[in-house]
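Residue 2 is where the sequence shown starts when you use the numbering used here, and the numbers rise one by one after that.
Glycine is no exception: its CB is placed at the ideal position from the N, C-alpha and C atoms.
Nothing here was measured: the structure is a model prediction, and the numbers come from that model.
What follows is one structure encoded as structure tokens, with my remarks underneath.
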Amino acid sequence: MQIGDEAQRTSVPSTKPYLIRALHEWCIDFGFTPYLSVFVDETVQVPIEYVRKDEIVLNIGPTACQELLIDNEWISFKARFNGISKELLVPITHVMAIYSKENSQGMSFPVHIPETKPESSTKVTKENQDTTNKVKSHLKLVK
């Protein structure tokens with residue numbers, strides 16, 4: 002190994018966008034419908050009402066979207082949801098899979114999902130807990 006090899010390896014761009022483009026093209030060439038499974042967080046611009054368990058599945062076929070651009074960092078396109086045109090923006094890092102609707106052939110990718118923030122490290126004393134958790138009940142005590 003030469004001295005510059007390690008630096009070159011760490012600066013090599015990801016193959017993920019190239020594989021996504023290739024599988025998209027493969028789907029279109031064979032008449033399949035390309036679906037994109039995306040992990041959704043605040044960096045993803047999609048109609049939030051269609052997100053389930055931090056995931057959305059998008060049809061990126063030519064009849065479902067317009068102006069599709071898959072570059073090395075982002076996937077952007079326009080699509081209609083309930084007849085309303087929306088602009089969608091997906092970071093390549095958030096793509097979990099691309100596959101054919103018809104036969105489920107495709108490829109999945111690892112996505113690094115951020116962990117939830119740890120709860121506050123402040124201790125709750127018994128008396129603080131009693132005052133903060135008191136909610137008047139709608140039930141009555143019957144003797």
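Using the C-alpha atoms, what's the distance from residue j back to residue i?
i	j	result
Ala98	Gly107	7 Å
Leu89	Val96	13 Å
Leu20	Asn83	30 Å
Ile85	Pro14	36 Å
Leu24	Asp55	23 Å
Thr44	Ser12	24 Å
Glu74	Asp42	16 Å
Thr94	Ser38	12 Å
Leu59	Pro48	11 Å
Phe33	Pro92	23 Å
Glu103	Ile61	14 Å
Arg81	Thr64	11 Å
List the residues that DSSP assigns as beta-bridge partners of residue i.
i	result
Tyr19	DSSP output for Tyr19 lists no bridge partner at all.
Met108	Ile99
Ser86	Arg81
Phe31	Answer is none; Phe31 lacks a bridge partner.
Val91	Ile76
What would DSSP say about residue i, mapped onto helix, strand or coil?
i	result
Glu26	helix
Glu56	strand
Ile49	helix
Ser61	Note that residue 61 corresponds to Ile in the displayed sequence, not to Ser. Three-state result, Ile61: coil.
Ile76	strand
Ser12	coil
Ile71	strand
Val39	strand
Apart from the five residues on each side of it in sequence, which residues of its chain come closer than 7 Å, Cβ to Cβ, to residue i?
i	result
Phe110	Lys17, Val96, Met97, Ala98
Ile71	Pro18, Ile21, Arg22, His25
Ile114	Phe40
Residues in its own chain within less than 8 Å of residue i by CB, not counting five upstream and five downstream?
i	result
Lys79	Cys66, Gln67, Glu68, Ser86, Lys87, Glu88, Leu89
With a threshold of 6 Å on Cβ separation, who are the neighbours of residue i within its own chain once the five nearest residues in sequence on each side are excluded?
i	result
Cys28	Pro35, Ser101
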